[in-house]
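Residue numbers (my numbering): 598 to 858.
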């Protein structure tokens, strides 16, 4: 798989497939925390993202799959046994076509634009240092109409959250991420801040239990020596919600000025 974390597509014993990012990836274990926390929060907000999982890889698997290698400093090395982050692949890779780009003219037909606005608000809240990424695929569903015949619909899922919290730095910048201002949906739709209101309401309504509960899912080996930093980051994220409307207004102003220039 592409990317600095050198993820691998892995088939589990139950036949499902997951994109796995290993704890000893070149970027570090912090990005696994970013992926897991972001995936859980996106789910709470109702924004589509692949099902996350904490996956245990043992020596037997690594011995049986010698091609599961990482490169650090130009030198190949094995993944370490233990707990790693996985995001579920939508189906069988031999039969499911996955796209990471669709033309602007298709965007509103492929995914509800409101969902993309929700993802952009999430990126602003979590200080995502990278551009918003998504995958698009087709899925057969039963038509709810009179015919009841199978139909095909497009599905979009938000992916790659390893650069949330400014990536491995685990910090929040004081200004809106510049990556937000260049997103295609802002050029195509030019939304007003009012269109983000439902997502702001959902964000503000997240109960404290959600933030407290996330901590129990983070494997201890990912944060060894940094046990206090993750609760501190979650606490700052919870408090940061109050700044999101002002940050969004600033980001939209920057984006609109760029479009008019």
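By construction, the Cβ of each residue, glycine as well, lies at the ideal position given by its N, Cα and C atoms.
At least 9 Å separates the beta-carbon of residue 768 from that of residue 808.
Here the C-alpha atom of residue 839 lies approximately 8 Å from the C-alpha atom of residue 801. Residue 607 is bridged by DSSP to 615. Within the same chain, Cβ atoms closer than 7 Å to the Cβ of residue 827 are found at 630, 812, 815 and 820, the five residues on either side in sequence being excluded. When only Cα atoms are considered, residue 670 and residue 659 end up about 21 Å apart.
When DSSP states are grouped into helix, strand and coil, residue 789 belongs to the coil group. According to the DSSP assignment, residue 649 belongs to the beta strand (DSSP E) that extends over 649-654. Annotation note: the stretch 670-736 contains the following uninterrupted beta strand (DSSP E) runs of length 3 or greater, listed N- to C-terminal: 672-675 and 679-685. In this structure, 752 is the residue among 752, 763, 675 and 700 with its C-alpha nearest to the C-alpha of residue 647.
Under the criterion of beta carbons closer than 8 Å, residue 619 and residue 668 do not qualify as touching, at roughly 12 Å.
If you draw a straight line from the Cα of residue 735 to the Cα of residue 711, it comes to about 19 Å. Boundaries of the alpha helix (DSSP H) around residue 806: 805-811.
Listed as beta-bridge partners of residue 751 by DSSP are 735.
Judged by DSSP secondary structure, residue 598 falls outside any alpha helix (DSSP H); it is assigned neither H nor E. Around the beta carbon of residue 806, fewer than 16 other beta carbons lie within 10 angstroms, which makes this residue exposed. Inclusion of residue 833 and residue 643 in the CB contact set at 9 Å is not warranted, their separation being larger than that value. The C-beta of residue 674 has fewer than 16 other C-beta atoms within 10 Å across all chains shown, which makes the residue exposed. For residue 608, the closest alpha carbon among the candidates 691, 623 and 634 is that of 691.
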